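Enquirer:
Numbering (the working numbering), first residue to last: 23 to 231.
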């Protein structure tokens, strides 16, 4: 859960824990003249949001984290698999001309190239296709495997990777997207893509919750 707008009672609970923590739920309830059952949802919300932490037989204590720190903590928990989108995959025998058309029609910035066994062998970016378009070459006769970035020079990620780590890779490599892959015996199967847009949407959604 990201940062939330606290109720007056939740703010009061926080202050009690700040002043007296660690403190049990029963003692908090006594100070507020409430039953433990009435208080339980508030304590659950504050704990899930990261404002409070709880230890068995010890009680609740204040984490001391600001809303900015709590948001940062939640960003670090986001997984690629929850935000990936459908990949646009092409065969290594496709022509550069057809790749340009595919990129335009699919409205993507990156194409993932696979071999006859549907294993990842390359990546095509807008820059790759733009460079190939310069000059007087017949784009209908040039296969994409001539101009693509090849394995093992491709940065990949998996569904289990953290989104923040992938964001750092995109910045470091100065690229727009990474293939989300599944390791199989002979190589990588492309199961998704993660882009700067995916990451931006995830961060905005988290901040807006």
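Ideal Cβ placement from N, Cα and C applies to all residues, glycine included.
Computed from a predicted structure; not experimentally measured.
With residue 154 and residue 169 assumed to form a contact (beta carbons below 8 Å), what rounded beta-carbon distance in angstroms separates them?
Expert: To locate residue 154, count along the chain shown from 1; it is residue 132. To locate residue 169, count along the chain shown from 1; it is residue 147. Residue 154 to residue 169, Cβ: 5 Å. Contact.
Enquirer: Rounded to a whole number of angstroms, what is the C-alpha to C-alpha distance between residue 86 and residue 28?
Expert: Mapped onto the chain shown, residue 86 falls at position 64. Mapped onto the chain shown, residue 28 falls at position 6. For residue 86 and residue 28, the distance between alpha carbons rounds to 16 Å.
Enquirer: Which residue's Cα is closest to the Cα of residue 107: 180, 159, 209?
Expert: Position 85 of the chain shown holds residue 107. Closest option to residue 107, Cα to Cα, is 180.
Enquirer: Can you tell me which of 217, 39, 208, 225 puts its alpha carbon nearest to the alpha carbon of residue 196?
Expert: Position 174 of the chain shown, counted from the start, is the residue given in the question as residue 196. Nearest C-alpha to residue 196: 217.
Enquirer: Bridge partners of residue 185, per DSSP?
Expert: Taking the first residue of the chain shown as 1, we reach residue 185 at position 163. In DSSP, residue 185 forms no bridge with anything.
Enquirer: With a threshold of 16 other CB atoms inside 10 Å of the CB of residue 152, please say whether the residue is buried or exposed.
Expert: By 1-based counting over the chain shown, the position of residue 152 is 130. Looking at its Cβ environment, which holds fewer than 16 other Cβ atoms inside 10 Å, residue 152 is exposed.
Enquirer: Could you spell out where the beta strand (DSSP E) holding residue 75 opens and where it closes?
Expert: By 1-based counting over the chain shown, the position of residue 75 is 53. Start and end: 74-77.
Enquirer: Should residue 220 go down as buried or exposed, given a rule of 16 or more other Cβ atoms within 10 Å for buried?
Expert: Residue 220 sits at position 198 when you count from the first residue of the chain shown. Label assigned to residue 220: buried.
Enquirer: My assumption, with CB atoms under 8 Å, is that residue 68 sits in contact with residue 38. Please give the rounded CB distance.
Expert: On the chain shown, position 46 is the one that residue 68 refers to. On the chain shown, position 16 is the one that residue 38 refers to. Contact doesn't hold; Cβ gap of about 11 Å is too wide.
Enquirer: Where do the N-terminal and C-terminal ends of the beta strand (DSSP E) with residue 204 fall, by residue?
Expert: Locating residue 204 in the chain shown gives position 182, where the first residue counts as 1. Segment 199-206, the beta strand (DSSP E) holding residue 204.
Enquirer: Give, in chain order, every unbroken run of the alpha helix (DSSP H) that is at least 4 residues long and sits entirely within the region 99-136.
Expert: Whole alpha helix (DSSP H) segments, 4+ residues: 118-128.
Enquirer: Tell me which residues share the same chain as residue 110 and place their Cβ nearer than 6 Å to its Cβ, disregarding the 5 neighbours each side in the sequence.
Expert: The residue you call residue 110 lines up with position 88 of the chain shown. So the qualifying residues of the chain are 128, 130, 133.
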